[in-house]
Amino acid sequence: AQSVSQHNHHVILSEAASLELGCNYSYGGTVNLFWYVQYPGQHLQLLLKYFSGDPLVKGIKGFEAEFIKSKFSFNLRKPSVQWSDTAEYFCAGGYSGNTPLVFGKGTRLSVIA
Amino acid sequence: NAGVTQTPKFQVLKTGQSMTLQCAQDMNHNSMYWYRQDPGMGLRLIYYSASEGTTDKGEVPNGYNVSRLNKREFSLRLESAAPSQTSVYFCAGFSNLMSYGYTFGSGTRLTVV
Chain Z
26 AQSVSQHNHH VILSEAASLE LGCNYSYGGT VNLFWYVQYP GQHLQLLLKY
76 FSGDPLVKGI KGFEAEFIKS KFSFNLRKPS VQWSDTAEYF CAGGYSGNTP
126 LVFGKGTRLS VIA
Chain P
534 NAGVTQTPKF QVLKTGQSMT LQCAQDMNHN SMYWYRQDPG MGLRLIYYSA
584 SEGTTDKGEV PNGYNVSRLN KREFSLRLES AAPSQTSVYF CAGFSNLMSY
634 GYTFGSGTRL TVV
């Protein structure tokens, strides 16, 4: 069965530190990959998505992710985090079309001053 | 343009009671989904509807039923609520048009006592 794994359950960083959150998927064939963010008390919002083409994807709020097919990975990065990035981050994957997304268990990011 | 609207936002039920969670979208999504979110578990798919008139089970369908009343509405019913169904429920719609991706509702926080 398809699955998405996020390695870090809780990450604590100081402001201005660099961020990398790991995500691995177990899909065969063409896969669509997503990163979502959930701020406290809110619903999920799309950060970025990858379908095909350039494996380095840029999203909103300075986030980017790199699709590495050989490693089945889609790690999320940000060069310098801010306190406002404190949230939970979810990686998700699915096949093309309207097949349901499978979500990782999430990584909680706490950014401290 | 409201997007995906869920009602109610909060609900407390007694064990054995029934209720229906409502979801409506005005984004012309063909596909709609119900997920539940539990701490440390990420989002798990309960049911989905690939198109009007069709529904399919997801990862955790037991104890739930769904109705795709029309293209706009996709409701989730708990016939006999159990404490294990205490969770946050999210409805989502999928579009394969320009915005390609999922749009989530704001969630329903359900507590079963």
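Chains Z and P supply the protein sequences, listed in that same order. Its first residue numbered 26, the first sequence is counted upward by one per residue in the working numbering. Its first residue numbered 534, the second sequence is counted upward by one per residue in the working numbering. Just so you know, even glycine gets a beta-carbon here, dropped at the ideal spot from N, CA and C.
I'd like to know whether the C-beta atoms of residue i and residue j end up nearer to each other than 8 Å.
| i | j | result |
| --- | --- | --- |
| A614(P) | Q555(P) | no |
| S77(Z) | S51(Z) | no |
| Y622(P) | L602(P) | no |
Rounded to a whole number of angstroms, what is the C-alpha to C-alpha distance between residue i and residue j?
| i | j | result |
| --- | --- | --- |
| Y33(Z) | T641(P) | Note that residue 33(Z) is Asn in the sequence shown, not Tyr. Cα to Cα, N33(Z) sits roughly 27 Å from T641(P). |
| V62(Z) | L38(Z) | 17 Å |
| T548(P) | L643(P) | 12 Å |
| G591(P) | G575(P) | 14 Å |
| H68(Z) | L126(Z) | 16 Å |
| V56(Z) | F92(Z) | 11 Å |
| Y635(P) | L71(Z) | 8 Å |
| F115(Z) | Y580(P) | 20 Å |
| L546(P) | G596(P) | 14 Å |
| A112(Z) | L134(Z) | 5 Å |
| D571(P) | I85(Z) | 26 Å |
| Y64(Z) | T588(P) | 30 Å |
| E45(Z) | E612(P) | 43 Å |
| W60(Z) | D559(P) | 24 Å |
| K96(Z) | C48(Z) | 10 Å |
With a cut-off of 8 Å on the beta carbons, I'd call residue i and residue j a contact; round off their distance for me.
| i | j | result |
| --- | --- | --- |
| S564(P) | N123(Z) | 4 Å |
| V136(Z) | V106(Z) | 5 Å |
How would you list, in chain order, the residues of chain Z whose beta-carbon sits under 9 Å from the beta-carbon of residue i?
| i | result |
| --- | --- |
| N563(P) | N123 |
Run down chain P in chain order and give the residues with a C-beta less than 8 Å from the C-beta of residue i.
| i | result |
| --- | --- |
| F59(Z) | G634 and Y635 |
Is the closest heavy atom of the ligand NAD to the C-beta of residue i under 7 Å?
| i | result |
| --- | --- |
| D79(Z) | Inclusion of the ligand NAD in the displayed structure is not the case, the ligand content being empty and no account of it being possible. |
What in chain Z is Cβ-close to residue i, meaning under 8 Å?
| i | result |
| --- | --- |
| M574(P) | K130 |
What does residue i touch in chain P if you count any residue whose Cβ is under 9 Å from its own?
| i | result |
| --- | --- |
| F115(Z) | G575 and L576 |
| K94(Z) | The contacting residues do not exist; K94(Z) stays about 20 Å from chain P at best. |
What residues from chain Z crowd round residue i, counting only those whose CB sits closer than 7 Å?
| i | result |
| --- | --- |
| S639(P) | H68 |
Please specify which runs of the beta strand (DSSP E), each continuous and at least 3 residues long, are wholly inside the segment 582 to 627 of chain P, giving them in chain order. 597 to 601 and 607 to 611, all fully within the segment 582 to 627 of chain P.
In chain order, which continuous runs of the alpha helix (DSSP H) of length 4 or greater are located wholly inside the segment 97 to 125 of chain Z? The segment 97 to 125 of chain Z contains no whole alpha helix (DSSP H) run of 4 or more residues.
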